[in-house]
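Protein chains: 6
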Amino acid sequence: MYSLTVCDHIMVAHSFRGAAFGPAQRLHGATFAVEAEFRAPRLDPLNLLIDIGLAKAELRRILDTLDYNNLDELPALAGQNTTTEFMAQHIFTLLAQACRSGALGDGGRAVSGLKVLLRESPLAWAAYEGNLA
Amino acid sequence: MYSLTVCDHIMVAHSFRGAAFGPAQRLHGATFAVEAEFRAPRLDPLNLLIDIGLAKAELRRILDTLDYNNLDELPALAGQNTTTEFMAQHIFTLLAQACRSGALGDGGRAVSGLKVLLRESPLAWAAYEGNLA
Amino acid sequence: MYSLTVCDHIMVAHSFRGAAFGPAQRLHGATFAVEAEFRAPRLDPLNLLIDIGLAKAELRRILDTLDYNNLDELPALAGQNTTTEFMAQHIFTLLAQACRSGALGDGGRAVSGLKVLLRESPLAWAAYEGNLA
Amino acid sequence: MYSLTVCDHIMVAHSFRGAAFGPAQRLHGATFAVEAEFRAPRLDPLNLLIDIGLAKAELRRILDTLDYNNLDELPALAGQNTTTEFMAQHIFTLLAQACRSGALGDGGRAVSGLKVLLRESPLAWAAYEGNLA
Amino acid sequence: MYSLTVCDHIMVAHSFRGAAFGPAQRLHGATFAVEAEFRAPRLDPLNLLIDIGLAKAELRRILDTLDYNNLDELPALAGQNTTTEFMAQHIFTLLAQACRSGALGDGGRAVSGLKVLLRESPLAWAAYEGNLA
Amino acid sequence: MYSLTVCDHIMVAHSFRGAAFGPAQRLHGATFAVEAEFRAPRLDPLNLLIDIGLAKAELRRILDTLDYNNLDELPALAGQNTTTEFMAQHIFTLLAQACRSGALGDGGRAVSGLKVLLRESPLAWAAYEGNLA
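Quick mapping for you: the protein sequence lines, in order, are chains A, B, C, D, E and F.
Using this note's numbering, you'd call the opening residue of the first sequence number 4 and step up by one each time.
Using this note's numbering, you'd call the opening residue of the second sequence number 4 and step up by one each time.
Using this note's numbering, you'd call the opening residue of the third sequence number 4 and step up by one each time.
Using this note's numbering, you'd call the opening residue of the fourth sequence number 4 and step up by one each time.
Using this note's numbering, you'd call the opening residue of the fifth sequence number 4 and step up by one each time.
Using this note's numbering, you'd call the opening residue of the sixth sequence number 4 and step up by one each time.
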């Protein structure tokens, strides 16, 4: 199995609801360093898993819907605690749609699995991974 | 599949038995940077895989049994070469028990898999991973 | 010249005033990984520049005044754009006061210089450094 | 499942054929930081997955066939676009042969899986992983 | 003294002349991760050392003259061994010119010192630093 | 001013004397990642600050006097608390001697300053720097 990973980051504000969050119930923020891993069992005739330029551009387009925002105010995230693990799944879903839609070319359509990992600090990170139908 | 990883570290002395270890048969030491990855197929109603505060505290409690010690003298490790791969499995076992015992709350009981990775230097690391029954 | 550096981090929300900031004028956030470097020309009789436990605790106490907050609402920062370079200087000032006040022990009083570096993303950071009178 | 990873790096020139590569069609180069992960379900009586000295030496021997070269001129890679994902698979194949041949000792023969990951920049990397028969 | 650092990277081919270089006399390549540090004794009224957007764009413009090239063939580098330390000084010179020319705005004209650091591998890097007149 | 840095690491045991050290009074250990920075105002005719191969070999030779040892038992360190800041100064002294002795060639004799930095964990490091006469 091959994999290719590209990285980017976003800087967002948010707050959490629930006593379990302690001081994180206050409005605060995070830099999320985002690693998007694309998996496929074989490469194309150019020896590429995916067009890395398209992958970076599409990841950036998705992150632009979140970057420099207060996540508490985004309609797409209404009613959700935007934990790191939830945000990994949210970005995974958008990236999976991009693969299936053809936005990442034939390479994207051939992607068999994805993993999105978000680092919230040097000491903690979360990820969501799954297969693409 | 979701995952959440928290990090900590320990500073220990130890020595190895067996000619294969060369100079590492002498008493020496290591900083082990420890990454504990918790896996689960779904999040709780707060969008958490696990209470990250409990996870850090329980990992710290386990590491306190090792930190600032000479591993050669710990009864729990008697007769073992405390290689990085062995120590990863040792910490995995203690963390798996903590999940099952309820020390990490309902989130801990729902953890379906664990991976413990120990970095011994910038150029070498080892891990142990497995499913929780 | 000796130096000793300890690290910690904070997760904060803020916004900037000024067209030069573009989308960063919106409320957003950041994880600031904080590196505090203490400098001195000599060590104490125990071969310590500073008590590292005191240094970590005092840095944590200072960061607790910022962590999990919206910097726009903190009276201590009123009227300021809380850029990374400004925040480095802000933490430097508090840490310099701690050194001079004796909160870091005799080692802290002997510190001749400080540098506070804040990483806002994997690709950008800022610092403030100066001598202590 | 246990894993042990060792790291090294190579510095190579190469060029790509195909309009999709844009400016990377020109002769350019890369530092590939190489991470070789060996997997096995159990450790040997010394608590080792593999002899780490043999693993480093064998990885180095394989990388010496590539290091400080123009990949475009190496017969072993003739007619191939030497993308990061392809190079990961190329090194995987050589390392898998080394495991099976006995060059990594009994530990190498017991290796059940391998992953080779190549970092081409701080923001992009690729890997190839598979089981050993 | 304040400092602000932005990062980028280039992927280049080159070769060295001189027996001291051993196998690096062959055409090979490198990823240079580039860190550009701008220094100034004070911030502007917005609390900025420099416009980070302009700084990134100008660094990118300079790196575009090198990226995805064989340095042996660039007229600007003719007759030079393009060692990491030399390349740091080369980029420093171009960035210093950009500061003085006004390409980085008033903040750039107020920059009093620069440091350019190039990482050639995880284990080696070089830098050039100096004051701006 | 130019600088060139090479990295290596050691794995050592040691203990500290003094109640201030708390649990670190017990025999424990550390991986010290070592960064040796050589500084000089100009390069040689090959555009080198120093022969990087000689620098790595000489650093390794110095580190071999410490690596895989219990520092408490080394005559060269008798009566010393081997804190990270002290060890940085110890390695600095040996490396400065190597520069002056000619072991690093003409480049080593032209080195005007040195900095030795030791990382003891992901969250703490110490350094010693000075000019060479």
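Even glycine gets a Cβ: it sits at the ideal position worked out from N, Cα and C.
Query raised in the report: In or out: residue 92/D buried (at least 16 other Cβ within 10 Å) or exposed?
Result: Your numbering for residue 92/D matches position 89 in the fourth sequence. Per the 10 Å Cβ criterion, buried.
Query raised in the report: How do the region 38-46 of chain F and the region 17-34 of chain B stand: do at least 3 beta-carbon pairs fall below 8 Å, yes or no?
Result: The region 17-34 of chain B and the region 38-46 of chain F do not touch, with fewer than three beta-carbon pairs separated by less than 8 Å.
Query raised in the report: At least one CB of chain D closer than 8 Å to the CB of residue 125/E: is that the case?
Result: Numbered from 1 along the fifth sequence, position 122 holds the residue referred to as residue 125/E. At a cut-off of 8 Å between C-beta atoms, residue 125/E counts as an interface residue with respect to chain D.
Query raised in the report: Is residue 14/E helix, strand or coil when you go by DSSP?
Result: Along the fifth sequence, read from residue 1 onward, the residue named residue 14/E stands at position 11. If DSSP states are grouped into helix, strand and coil, residue 14/E belongs with the strands.
Requested in this report: For residue 6/F, go through chain E and note every residue whose CB falls closer than 7 Å to its CB, in chain order.
Outcome: Position 3 of the sixth sequence, counted from the start, is the residue given in the question as residue 6/F. Ordered by position in chain E, the residues that pass the 7 Å Cβ test against residue 6/F are 129, 130.
Query - Close beta carbons around residue 120/C, own chain, < 7 Å, minus the five adjacent residues each side - result: Taking the third sequence and counting its residues from 1, one reaches residue 120/C at position 117. Here the set comprises 38, 91, 128, 130.
Requested in this report: Measuring alpha carbon to alpha carbon, tell me which of 106/E, 87/E, 18/E ends up nearest residue 65/E.
Outcome: Start at 1 with the first residue of the fifth sequence, and residue 65/E comes out as number 62. The shortest C-alpha separation from residue 65/E is found at 106/E.
Requested in this report: Output yes or no for whether 8 Å exceeds the beta carbon distance between residue 99/A and residue 117/A.
Outcome: Taking the first residue of the first sequence as 1, we reach residue 99/A at position 96. Taking the first residue of the first sequence as 1, we reach residue 117/A at position 114. Cβ atoms of residue 99/A and residue 117/A: closer than 8 Å.
**Report entry** CB contact check: residue 37/C to chain F, cutoff 8 Å
**Finding:** Taking the first residue of the third sequence as 1, we reach residue 37/C at position 34. Output row for residue 37/C: interface = no.
Query raised in the report: Looking at C-alpha atoms only, which residue of 126/C, 13/C, 125/C, 113/C is the closest neighbour of residue 54/C?
Result: Locating residue 54/C in the third sequence gives position 51, where the first residue counts as 1. Among 126/C, 13/C, 125/C, 113/C, the Cα nearest to that of residue 54/C belongs to 113/C.
Query raised in the report: Residues of chain F with a CB under 8 Å from the CB of residue 65/C: which are they?
Result: For the purposes of this step, residue 65/C is identified with residue 62 of the third sequence, where counting begins at 1. Chain F residues near residue 65/C: none, gap ~16 Å exceeds 8 Å.
Query - Contacts around residue 46/F, its chain only, beta-carbon distance under 8 Å, and the 5 residues preceding and following it disregarded - result: Reading the sixth sequence from its first residue, position 43 is the one you call residue 46/F. Here the set comprises 5, 52.
Query raised in the report: Using a C-beta cutoff of 8 Å, does residue 9/E count as contacting chain C?
Result: Counting from 1 along the fifth sequence, the entry for residue 9/E is found at position 6. At least one CB of chain C lies nearer than 8 Å to the CB of residue 9/E.
Report task. Please go through the same chain and pick out, in chain order, the residues whose beta-carbon is closer than 8 Å to the beta-carbon of residue 80/C, but skip the five residues on each side of it. Result -> Working through the third sequence from its first residue, we reach residue 80/C at position 77. The beta carbon of residue 80/C is closer than 8 Å to those of 74, 93 in its chain, skipping five residues each way along the sequence.
**Report entry** residue 122/E, buried or exposed, once every other Cβ within 10 Å from all chains shown has been counted against 16
**Finding:** Taking the first residue of the fifth sequence as position 1, residue 122/E is located at position 119. Residue 122/E comes out buried.
Query raised in the report: Going along chain E, which residues have a C-beta under 8 Å from residue 55/F?
Result: Translated into the one-based positions of the sixth sequence, residue 55/F becomes position 52. Chain E residues near residue 55/F: 127.
Report task. Could you please give the first and the last residue of the uninterrupted beta strand (DSSP E) stretch that includes residue 129/E? Result -> Along the fifth sequence, read from residue 1 onward, the residue named residue 129/E stands at position 126. Per DSSP, residue 129/E belongs to the beta strand (DSSP E) from 127-134.
Query - Contained alpha helix (DSSP H) runs [length at least 4] in the region 22-88 of chain C, N- to C-terminal order - result: Counting only runs of 4 or more, we get 55-66.
Query raised in the report: Do the CB positions of residue 57/C and residue 103/C come within less than 8 Å of each other?
Result: As a position in the third sequence, residue 57/C is number 54, starting the count at 1. As a position in the third sequence, residue 103/C is number 100, starting the count at 1. No. Outside cutoff.
Report task. Could you name the residues that DSSP lists as bridge partners for residue 122/B? Result -> Translated into the one-based positions of the second sequence, residue 122/B becomes position 119. Beta bridge pairing from DSSP links residue 122/B with 36/B, 128/B.
Report task. Indicate the three-state DSSP secondary structure (helix, strand or coil) for residue 7/B in the structure shown. Result -> As a position in the second sequence, residue 7/B is number 4, starting the count at 1. Of the three classes helix, strand and coil, the one that applies to residue 7/B here is strand, per DSSP.
Report task. Out of 49/F, 33/F, 108/F, state which residue places its alpha-carbon closest to the alpha-carbon of residue 69/F. Result -> Along the sixth sequence, one-based indexing puts residue 69/F at 66. Proximity to residue 69/F across 49/F, 33/F, 108/F peaks at 33/F, based on C-alpha coordinates.
Report task. May I have the straight-line CA-CA distance separating residue 22/F from residue 95/C, to the nearest angstrom? Result -> Taking the first residue of the sixth sequence as position 1, residue 22/F is located at position 19. Taking the first residue of the third sequence as position 1, residue 95/C is located at position 92. Residue 22/F and residue 95/C have their C-alpha atoms spaced approximately 29 Å apart.
**Report entry** From 133/B, 20/B, 14/B, residue whose alpha carbon lies closest to that of residue 63/B
**Finding:** Against the second sequence, residue 63/B aligns to sequence position 60. Of the listed residues, the one whose Cα sits closest to residue 63/B is 14/B.
Query raised in the report: Could you give the distance in angstroms between the alpha-carbon of residue 87/C and the alpha-carbon of residue 59/F?
Result: Your numbering for residue 87/C matches position 84 in the third sequence. Your numbering for residue 59/F matches position 56 in the sixth sequence. Going by the C-alpha atoms only, they are around 36 Å apart.
Query raised in the report: When the distance is taken between beta carbons, is residue 12/D closer than 8 Å to residue 16/E?
Result: For the purposes of this step, residue 16/E is identified with residue 13 of the fifth sequence, where counting begins at 1. For the purposes of this step, residue 12/D is identified with residue 9 of the fourth sequence, where counting begins at 1. No, they are not a contact pair.
Query raised in the report: Rounded to whole angstroms, how far is the Cβ of residue 9/C from the Cβ of residue 7/F, which I believe are closer than 8 Å?
Result: If you number the third sequence from 1, residue 9/C lands on position 6. If you number the sixth sequence from 1, residue 7/F lands on position 4. Contact doesn't hold; Cβ gap of about 27 Å is too wide.
Query raised in the report: Name the chain F residues whose beta carbon is nearer than 7 Å to that of residue 30/C?
Result: For the purposes of this step, residue 30/C is taken as residue 27 along the third sequence, with counting starting at 1. Here the premise fails: no neighbours, minimum Cβ distance about 30 Å.
Requested in this report: Could you run through the region 87-101 of chain D and flag, in chain order, every residue whose CB is less than 9 Å away from some CB of chain E?
Outcome: Within the region 87-101 of chain D, no residue has its Cβ closer than 9 Å to any Cβ of chain E.
Query raised in the report: So, residue 132/B versus residue 101/B, is the Cβ gap smaller than 8 Å?
Result: Here the question's residue 132/B lines up with position 129 in the second sequence. Here the question's residue 101/B lines up with position 98 in the second sequence. No, they are not a contact pair.
Report task. Measuring alpha carbon to alpha carbon, tell me which of 71/D, 43/D, 72/D ends up nearest residue 110/D. Result -> Here residue 110/D corresponds to residue number 107 of the fourth sequence, with the count starting at 1. The closest CA to that of residue 110/D, considering only 71/D, 43/D, 72/D, is found on 43/D.
Query raised in the report: For residue 115/F, which residues from the same chain have a beta carbon less than 7 Å from its beta carbon, with the 5 sequence-adjacent residues on both sides left out?
Result: Locating residue 115/F in the sixth sequence gives position 112, counting from the first residue. Counting only residues of its own chain and dropping the five nearest sequence neighbours on each side, residue 115/F has a CB closer than 7 Å to the CB of 42, 43, 44, 134, 135.
Query raised in the report: Looking at the C-beta of residue 84/C, does it have a partner C-beta in chain A at a distance below 8 Å?
Result: As a first step, residue 84/C must be located in the third sequence, where it is residue number 81. No - not a single Cβ of chain A is within 8 Å of the one on residue 84/C.
Query - Cβ pair residue 84/C, residue 19/C closer than 8 Å - result: Taking the third sequence and counting its residues from 1, one reaches residue 84/C at position 81. Taking the third sequence and counting its residues from 1, one reaches residue 19/C at position 16. Cβ distance < 8 Å, so residue 84/C and residue 19/C count as in contact.
Query raised in the report: Got a sec? Which residues, its chain only, sit under 8 Å from residue 108/C by beta carbon, not counting five neighbours each side?
Result: Taking the third sequence and counting its residues from 1, the one referred to as residue 108/C is at position 105. Beyond the five residues adjoining it in sequence on each side, residue 108/C comes within less than 8 Å, by CB distance, of 53, 54, 57 in the same chain, given in chain order.
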